[in-house]
Amino acid sequence: MFGKVVVANRGAVAARVLRALYEMGIKSVAVYSEADYGAPYLDMASETYAIGASPAADSYLNQDTLLAVLKKANADGVHPGYGFLSENAGFAQRVTDAGVCFIGPSPKWIEADVGAEVSDPHGRAIPREPSQPDA
Numbered sequence: 072m073f074g075k076v077v078v079a080n081r082g083a084v085a086a087r088v089l090r091a092l093y094e095m096g097i098k099s100v101a102v103y104s105e106a107d108y109g110a111p112y113l114d115m116a117s118e119t120y121a122i123g124a125s126p127a128a129d130s131y132l133n134q135d136t137l138l139a140v141l142k143k144a145n146a147d148g149v150h151p152g153y154g155f156l157s158e159n160a161g162f163a164q165r166v167t168d169a170g171v172c173f174i175g176p177s178p179k180w181i182e183a184d185v186g187a188e189v190s191d192p193h194g195r196a197i198p199r200e201p202s203q204p205d206a
C-alpha cells in the first residue's frame, strides 16, 4: 500500500486518480501548471505543487521538475495518468531509480509497446495493427 502518490497529470484524468486515492485512504499530491492554477482537481489533493509555465514542455513533460516534486513531497508512488509521460520509458526508469514506484508498466514494457513489433511467447514477431492508416 502506498503512503503518498503524486498524480503527474491534470484535469479530469487527475481528478479520477485523486478520487480513487482518496477512496483508498492514500494521501495524494497534485501538480499544476500556471494555466491550471485554481482548477477544481487541485481541491481534491492532500498537497499541491506548481510545476511551471503553461506549455506542457515546461510543466507536465518536465521530468526534472516532476522528480523534484516526488522528492520534496516524500512520495512513494507516481501515477502518470495517460498522455504526457505515461508512455515514456525514460521517465519510468528515472522514477524507479529514485526509489519511487511508477504506477504503470515497467520501462521494459513501455519500450516494447512503442516498438513496431511485439513477439509471442515463442519469440515470433507479431506485427502491430496501426491505430491510424499511414498518410
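Those letters in the sequence shown? Residues 72 to 206, by my numbering.
Backbone N, C-alpha and C fix where the C-beta goes; we use that ideal spot for every residue, glycine too.
Once you ignore the five residues that flank residue i on each side, which residues in its own chain have a CB closer than 8 Å to its CB?
| i | result |
| --- | --- |
| residue 138 | 165, 166, 169 |
| residue 153 | 80, 84 |
| residue 110 | 81, 82, 103 |
Are residue i and residue j touching if we call contact CB-CB under 8 Å?
| i | j | result |
| --- | --- | --- |
| residue 122 | residue 102 | yes |
| residue 120 | residue 79 | no |
| residue 81 | residue 108 | no |
| residue 140 | residue 88 | no |
| residue 105 | residue 124 | yes |
| residue 182 | residue 144 | no |
| residue 73 | residue 135 | no |
In chain order, what residues of the same chain lie with their CB nearer than 7 Å to the CB of residue i, ignoring the 5 residues before and after it?
| i | result |
| --- | --- |
| residue 127 | 155 |
| residue 157 | 151, 175 |
| residue 201 | The pLDDT assigned to residue 201 is 49, lower than 50, so where the model puts this residue is not dependable, and the model offers no usable value. |
| residue 160 | 178, 181, 182 |
| residue 162 | 134, 156 |
When DSSP builds the beta bridges, which residues end up paired with residue i?
| i | result |
| --- | --- |
| residue 75 | 98 |
In its own chain, which residues sit with a C-beta less than 6 Å from the C-beta of residue i, not counting the 5 before and 5 after it?
| i | result |
| --- | --- |
| residue 90 | none |
* If you scan the segment 86 to 167 from start to end, which runs of the beta strand (DSSP E) of 3 or more residues do you find wholly inside it? -> 98 to 104, 118 to 123, 148 to 150
* Report yes or no: do the segment 153 to 170 and the segment 89 to 100 share at least 3 C-beta pairs separated by less than 8 Å? => Output reads no: the segment 89 to 100 does not touch the segment 153 to 170.
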